[in-house]
Amino acid sequence: MTRGRIRARLRRSNLYTFGCLKPSTIEEPPHPLQGPGFTRTVHCNQPQLHEKKPLYYCKNDISTTKYNVITFFPKALFEQFRRVANIYFLLAACLSASPISPFSPLSMIAPLAFVVGLSMAKEALEDSRRFVQDVKINRRKVNRHKGDGVFGPRSWQNIMVGDVVKVNKDQFFPADLLLLSSSYEDGICYVETMNLDGETNLKVKRSLESTLTLDNDEVFKDFSGIIRCEDPNPNLYTFVGNLEYERQIYPLDPSQILLRDSKLRNTDYIYGVVIFTGHDSKVMQNSTKSPSKRSTIEKKMDYIIYTLFTVLILISVISSIGFIIKTKYQTPQWWYLRPDIIEYQYDPNKIGVAGMSHLITALILYGYLIPISLYVSIEVVKVLQATFINQDIQMYDEETGTPADARTSNLNEELGQVDTILSDKTGTLTCNQMDFLKCSIAGTAYGVRSSDVELAAAKQMASDIDDADSDLSNFPMPNTKSQVSWDNGTRSEEIELETVVTSKGDEDQKHTIKGFGFEDDRLMNCNWLKEPNADDLLMFFRILAVCHTAIPELNEETGVYTYEAESPDEGAFLVAAREFGFEFCRRTQSSIFIREKFSASGQVVEREYKLLNLLDFTSKRKRMSVIVRDEEGSTFLMCKGADSIIFDRMSKNGKMYLEATTRHLNEYGEAGLRTLALAYRQLDEQEYSAWNNEFQKAKSSVGADRDAVLERVSDMMEKELILVGATAVEDKLQKGVPQCIDKLAQAGLKIWVLTGDKMETVTRLVKQGTGKTTLAIGDGANDVGMIQAADIGVGISGVEGMQAVMASDFAIAQFRFLERLLVVHGHWCYKRIAQMICYFFYKNIAFGLTIFYFEAFTGFSGQSVYDDWYMILFNVVLTSLPVISLGVFEQDVPSEVCLQFPALYQQGPKNLFFDWYRILGWMGNGLYASLIIFFLIVTIFYDQSFRSDGQTADMAAVGTTMFTCIIWAVNCQIALTMSHFTWIQHLFVWGSITTWYVFLLLYGMMSPTYSKTAYQILVEGLGPAPIYWTATLLVTVTCNLPYFAHISFQRCFNPMDHHIIQEIKYYKKDIEDQHMWTRERSKARQDTKIGFTARVEAKIRQLKGKLQKKQSSFAISAPS
Amino acid sequence: MATSTAGSSDPSTTRRQSKKPKYSKFTQQELPACKPILTPRAVISAFLIVTIVFVPIGVASLIASHDVVEIIDRYDAECIPSNVTDKVAYIQTPGEKPCKRELHVEKRMKSPIYVYYQLDNFYQNHRRYVKSRNDDQLRDSGKANSVSGCEPEDDANGMPIVPCGLIAWSLFNDTYSFSRNSNNLTVNKKGISWKSDREHKFGSDVFPKNFQNGSIIGGGHLDVNIPLSEQEDLIVWMRTAALPTFRKLYGKIEVDLEKGDVIQVNLGNNYNTYSFSGKKKLVLSTTSWLGGKNDFLGIAYLTVGGLSFFLVLAFTIIYLIKPRQLGDPSYLSWNRNPGGH
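Protein sequence lines correspond, in order, to chains S and L. Here the first sequence is numbered in full-length UniProt numbering, starting from 1 and rising by one per residue. Here the second sequence is numbered in full-length UniProt numbering, starting from 1 and rising by one per residue.
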C-alpha cells in the first residue's frame, strides 16, 4: 500500500505533452445537446430512476444467441427451409399425401423430419453454447454502490444505468462508464483496449477536474448528477455529452469514457457512472453479425446439386413424354386397366392434366438423385470432425488451459484448401514482449546472441549441409584426397553450426531476465569503461535510462526494480540500462533518479536528472525526446526515434558514426530486429529558455491548431542532434512460431503479416484479386474485420480478449497450433468431405437411375420396383454409416506424416480431390453401376423360372435382388474408396450389408399386413435360390471392377504423393532408409519467399558465401 | 487480499484442467487401423481371384442352362380361326374357343415339367394395376367390405367384390390340357403358388363374392365354393410381374417326356391380348439348380472372368516392362517436376 500512495502523489498527467489530454485549466463551453440523437439522460447514483419509462434503458445483460425458447422453433424452421433442397423435399412430402405420389406419405415425411430435426438440434446446440458464454459474462461481478456509501458486489447483468461502480485493477469494465476518479490524485487511469482494437499499449483516460474529489466510497452517499449525452451508437472513438454536477455543466469527451470490455491497468481502482448498458454499449453496438460463411466445396456442391436437378428434370420430362405417348396411344387398348373409368392422372382423354401430374410424380420418384440425407450426413460428419479438432490434445495449450475450438463446423474442409494466410503481428505472431538483444554504440556493434531468424538460418544451413554432404558421397569421387578435404570442410562447419544451434538451450537457462537478451562481456560489469569511446557509451546508457515515460516499481521481495512502461520496447530499454549499471529508480514530478554504477565492485552513485520538458512519442512524430538538466547543470536533449527521422535531424559533426551505424542497422533489420536510433544534443541555457518560453506558450494555448503549434515548436528543438548509436530489440516470436511459419511455407501457403487498421481492406482485395481461399488469424478486436472478411477466420484464444474469438470460425490458443489445424485437420477434412460428397452422389445416382430405367418397363406409370421401406432405409440406415465413417475417420496418411510432409497439403489448394474431372468421374461411375445393376438383374431374371421348383420372379423378387445388389455394390465401393480401416469402418461397412439381410429377414417375418409383397421373401423366395446369390456376386464385382482397375492403374503408373508415402510407410522404408526419408522431407519444402523463411534464406545466402570461401581454402590446402 | 487471490487461483486451475481433452486413441484419431495398399501383387492377385472364381461359375451356369429343355409355343395368332377378321370381337364373344396345338419334344424332359403361360406387352407392373387390390379382404373373411384401392372394380351393383381390384378382375383364363399318344397327361395344379401366399395371404375361409358380376367381364371366373387359398391360379396371377413380358406357372406335368414325343394340347383360348397386340405363349420347361433356361448369367460370368484375366495379363505385362518400385521417392510430385510448384 505504501507504494500505491507514493505513486498516487505523482501527477502523471504532466508526463504527456501530446495525446488526447488537453490541459485541464482550459474551460470549454458545454456541448449544445439538442434534437434527435442526443436524448439520453442519466441520473448518476440514482439507478432507481431508470427502472421505469421514460428513462428506462436496456439491461446490462447481453445475449448473442440467435434464438430464445419461444422463437427457436419458428425461426430455426424458417432457416431450414431457406435451403432450396429442403423446400423441394417439403413439397414432395406435402404431395405424398395425394394420389400423385409414387410413395407412401411416411416414406417422404420421415426422412425430411429426420434431416430437419437433426439440423435444428445442431443449431440448438450451437446456440446453447453461445448462451452459456453469455451467462458467464453476465454473471461476472463488479463492486457497485449500494447506497449510503457502501459498495458491494453485484453481477454484471444487474447493473443499471446511473449505477456508480468501483472497478479494481485488471478488471473489465462492465458497461460504458463515465470516469469520475481514480486511485491517482489527478484522476488518470490506464486502460487496456486489447479487446476492442488489439493494441496492447495502454491508453490514458482522465476524469474531469470537478469530479476528482469523488475518490472514496463514503462520498458517494450524497453524490448526484445528471449526464445528458448522445444516444447509443457504434462509434468507439467519439462521445458527446455534458455532466451537470453541483449546478454546473461540464462538457464530456471520449477521454472520460471507459468502454465495456476494456480493462483497467496500472491503476488500483476507479469510480465510474454507468452510461450505456448491455446492448447499448459501444462495443456491442459496434459488433457486427458474423457473416455466414460457406466452404468452397459446399459452394461447388451447389453446382452439382443444380446439375443433378437438371438431370432430375430432364429424366422426369423424358418419362412424362414417355408416359404421355404410352397413355395416349396404348393405354386405351389396355382393357385390364379399365381405361373407360380411370383416374385423372392416367386418363388418356385428359392427357394434359395426366402429363402434368405425372411430371410431379416423376419429380418425386426420381428424388433419390438429390440425396436428402446428403445434407444431414455432411452436418453429422462436420460436427464430428469439429469434435476431433476440439479434442486434439496436441492443440491444447497447457499454459492457458485452452483447447482448440471449432466454433463453426461449416468450414472444416476449407481448412484444407487455404492458399493465403493473413496474420496479425502483435500478439498473434509475437508475444509483444521485447528483448534487448543488440546495440551499436559509437560505430561498434555489441551483442553476440543471435535472433530467432539467425538461429533458424543456422539450423536450416545445418540440415542443408547434411543433405549436400550426403549427396556428394553418392557420387564416386575420382580423387579420394579431395573428398576427404570436402568432408573435413563440411564437417567442421557443421559442428560449428551445430554449436550455434544447440548452445541456445544452455543460454536459455542462463538468461532469465525478462526483456534482456543481450550478451556481450565488453559492456557488462562495467567493462565498458575500458572501451575506446567510453564517453559515447556513457551517453548511450544515460539516454536509455532517462528518455522515457515509465514508472519504476520496486519488487520488495527481490529488491529489483521493474518498470511500468507504455510500450514493451521502453521496458526493455530500462531493463537493459539497469543491467548496464544505470538503474532508473525513482521518478518525481520534476526529476528522474538514476543509480549509476561505474565500477564492478558495486559502488553506486544516485544522480538526479531534472526533467525540464518531455516531448512524447506519437505515431506521426516517430520519436520522443526529453530535455533534462543534470547535477552539473548542463542541459541535454535526449532523443530516441526511428532511424530515418533521427538521421534527418543530425548536426554536421554528429554524423561521425553514421556510416557504421547504418550498416549495423541494416544487419539488425535483416535479423528481424526492431531498431531505434539514439541521439542527443547539448543545449546552452539561453537557447533553451528562449525555446521553453515559446513552448510553454504553445502548451497553454487554446484552439484547434494547438497540437500543430506544439509540434512545430518541438521540432525546432529536435535538430542538430549527435548520433550515439542504435538499439535492436527483438519482438520475441511466440513459442513455435518460426517453425510453424516455416512448415506452413513448406505446405505452399502464402503468409502475409498485416499491421494497422487497413487489414480488412487488404483482405478483401486479396480475396477479390485471387479468388483463392484466405485464412485470417488474429487476436484482437482490430482483427475482427479481417477475420470476418476472410474465408476462414481464426482467433487466438490463449489471450484474454474475446472479440476476435467471438468473430472467428476457429479458435486456437497459440499461433503454432495453426500448423496442425491446417496441415493435419484441414488436409484430412478436405479429403474426407470431398470423397464423401463424391461417393454420396455416386450412390444416389446408382440407386436413383435404376428407378428411372424401371419406369421405361412399366409404361412410365410411376411404379417403383422397390418396396417403400427399402427406399427409406437406403439413405437412412443401409448406406449412411459407412459414408459417415469415411467422412469422419478416413486418413490418407497419419498425422505425423502430414506434419513431416507439409507438401501433401498442396493437394487441397490444388483441389485434386474435388475437381470436375473427379466429380464427373464419380457420377459416371454411378451411371455405370446403375446400368449394370438394372440390366444385369433384369436380364438374369428375365422370364424363366429362377428356382429349381419352377417359380418365376415377380416384382418383389426382382426388386429385392436389385436392391441387394445395390447395397453390396455401394458398400464395396466405399470399402475400395477407403484407405484406412479401423474396427469402426469394418463394422459400419460390413455391418450395413449384414443389416440389410437382417432387415429383410425381420421384415419378411412381420405379418403380410405390413410386409406386403416382401413377406417371407428371403426365407422362402430368394434365399434358397442360388441365382439370387450368384447374381449378387456377379453384379457386385462387375460394378466395382472398373473403379478398381482405375485406381490400380493410377497407383501403379501415375501415383499421387500420398500413395508413395503410404508405400514408404507400409514397407517401413522410412526406418530402413532414414536418410532418404529426411532428404525427401526437406525436399518437399516449397520455394517460398515469405516472411520469416525469406529472411532466413537471405541469412543463409550470406552464411553460405562465407562457408564457400572456407571450403575452397580447405580444398586447396588439404592436398598440399 | 493475498489470501483471497491464492484461494481463487486454485479452483481456476482445476477448471483449466477439466477443459483438457481426455486422451484416448479414439479422440486422437490414433485407433489401430489396417491400411491396405494396392501393390501390383495385390492387384494381380485380386483380378486372378476374380478370374478363378468367375470362370467356373460361368461354366457351371452355362451347363445348367443348357441342361434345361424348353418348349415354347406361341399360339395367340394361330388359335384364331382363319375366317375371323376382328380378333378382339372374336375373343370377346362368350363361349368355348377351342384350339389344338402340337408340341414336339426335341430332347428328353425329366419330370417335373413345368407348364407356363407367357404374356407379352402386358403391363402387370403398371402403377394403377399394381395398386388395385386389397390384401385385407383376401386374407380375412370379416373384411370382405374393405375394398379401398380396388376402384373401379370395388363393387358390383353396390355389393363388394371379393377378390376386388383390377388384378383379380383381369385373371388369366386360357386353359391347357395335354395328351401324348391319346393318353392324357395330368397337369398338377396344386402347389404352383408360394406356400406363404396360400397360408398367410389368401384366407382359407374367404370365398369369392360378386366376382365378375359387373357390367364388364374382365378375365376368368372363380368357383365361389373354393376358398381363395385354394384358388392357386388366382394366387399366382396376383403376384404381379416385374416386366411386361412374363411367365406364370400353370401347372406341373409329373411324368418324363421322351425325345420325339408329340404332345397334343387342347387349348381354351379365352384371354384377350388381341386388344393390345400381346403375344400368348405356352411354355413347357424343366429346371436345373439355377432355374429355367437363360444363358445370360453364364455368359456374363465368363465375360467378367475373361475381362479380369485380361487385366491380369495387362498388369503383369506392364509391370514387367515398366515396373515402379514401391515407395520410390522419385515419383513424388516435387521430384517429378522440379520447380513446378
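Note that CB positions come from ideal geometry on N, CA and C, so glycine has one too. Quick caveat, the model's predicted, so the values are computed rather than measured.
Kindly list, in the order they appear in chain L, the residues whose Cβ is closer than 7 Å to that of residue i.
| i | result |
| --- | --- |
| S979/S | K35 |
| Q391/S | P21, T27 |
| W335/S | N272, S275 |
Spatial neighbours of residue i within its chain, please: CB distance less than 7 Å, with the 5 preceding and 5 following residues excluded, ordered by chain position.
| i | result |
| --- | --- |
| P21/L | T27 |
| S451/S | L437, A671, G672, L673, E730 |
| K504/S | Any answer about K504/S is weak, because its pLDDT of 37 lies below 50 and its placement is not dependable; what the coordinates show is given next. Closer than 7 Å at the Cβ level, and outside the excluded window around K504/S, lie L455. |
| Y366/S | L312, I315, S316, G848, I851, F852 |
| I304/S | F841, I919 |
| R198/L | S229, I235 |
| S63/S | D134 |
Given residue i, which residues of its chain have a CB within under 6 Å of its CB, disregarding the five upstream and five downstream residues?
| i | result |
| --- | --- |
| A300/L | none |
Check whether the Cβ atoms of residue i and residue j sit closer than 8 Å, and answer yes or no.
| i | j | result |
| --- | --- | --- |
| K209/L | Y75/L | no |
| L258/S | G241/S | no |
| E570/S | C639/S | no |
| K263/S | F172/S | yes |
| K1012/S | D67/L | no |
| L723/S | L665/S | no |
| A577/S | L544/S | yes |
| A1017/S | A969/S | Position check: residue 1017/S holds Ile in this sequence, whereas Ala was assumed. Going by C-beta atoms, I1017/S is not nearer than 8 Å to A969/S. |
| F889/S | H980/S | yes |
| residue 1129/S | V115/S | Any answer about residue 1129/S is impossible in this case: the structure gives chain S only from 1 up to 1120. |
| F815/S | T361/S | no |
List the residues of chain S whose Cβ lies closer than 8 Å to the Cβ of residue i, in chain order.
| i | result |
| --- | --- |
| V55/L | Correct list: empty, because the minimum Cβ distance to chain S is about 12 Å. |
| D135/L | P1008, T1009, K1012 |
Name, please, each residue of chain L whose Cβ falls closer than 9 Å to the Cβ of residue i.
| i | result |
| --- | --- |
| E1080/S | P329, L332, W334, N335 |
| S948/S | T287, S288, W289, L290, G291 |
| W990/S | Those do not exist, as W990/S stays about 13 Å from chain L at its closest Cβ, beyond 9 Å. |
Tell me, to the nearest whole angstrom, how far the beta carbon of residue i is from that of residue j; I am working on the premise that it is less than 8 Å.
| i | j | result |
| --- | --- | --- |
| L818/S | C898/S | With 8 Å as the limit, L818/S and C898/S do not qualify as a contact, their Cβ atoms being about 14 Å apart. |
| N195/S | G780/S | 7 Å |
| V262/L | K248/L | Not a contact, Cβ separation roughly 25 Å. |
| residue 1129/S | N925/S | Nothing about residue 1129/S can be read from this structure; chain S reaches only from 1 to 1120. |
Could you compute how far the alpha carbon of residue i sits from the alpha carbon of residue j?
| i | j | result |
| --- | --- | --- |
| D791/S | T773/S | 6 Å |
| residue 1128/S | K75/S | The requested residue 1128/S is not part of the displayed model; chain S covers only 1 to 1120. |
| N171/L | Y336/S | Note on identity: in this sequence residue 171/L is Leu, with Asn being the wrong assignment. Between L171/L and Y336/S, the C-alpha separation is close to 9 Å. |
| A1118/S | T662/S | Any reading at A1118/S must be qualified, since the residue scores a pLDDT of 33, below 50, and its modelled position is unreliable; the value itself is stated next. Between A1118/S and T662/S, the C-alpha separation is close to 39 Å. |
| C164/L | D915/S | 56 Å |
| G142/L | Q124/L | 28 Å |
| I378/S | A121/S | 14 Å |
Please return the same chain residues whose Cβ sits closer than 8 Å to the Cβ of residue i, not counting the five positions on each side in sequence.
| i | result |
| --- | --- |
| P153/S | K141, V142, N143, R144 |
| K25/L | L31, P32 |
| P478/S | Confidence at P478/S is low in this model, with a pLDDT of 35, below 50, so its placement is unreliable and no value can be given for it. |
Using the beta-carbon of each residue, which ones in chain S are nearer than 9 Å to residue i?
| i | result |
| --- | --- |
| Q118/L | D943 |
| K107/L | Correct list: empty, because the minimum Cβ distance to chain S is about 16 Å. |
Residues of chain L with CB under 8 Å from residue i, in chain order?
| i | result |
| --- | --- |
| I1071/S | By Cβ distance, chain L contributes nothing, its closest Cβ being about 12 Å from I1071/S, past 8 Å. |
| P1055/S | R324, Y331 |
Could you list which residues in chain S have their beta carbon closer than 7 Å to that of residue i, in chain order?
| i | result |
| --- | --- |
| G218/L | Y336 |
| A241/L | D954, M955 |
Please name the residues in the region 429-441 of chain S whose beta-carbon is closer than 9 Å to at least one beta-carbon of chain C, in chain order. As a matter of chain content, chain C is missing from the structure shown, whose protein chains are S and L.
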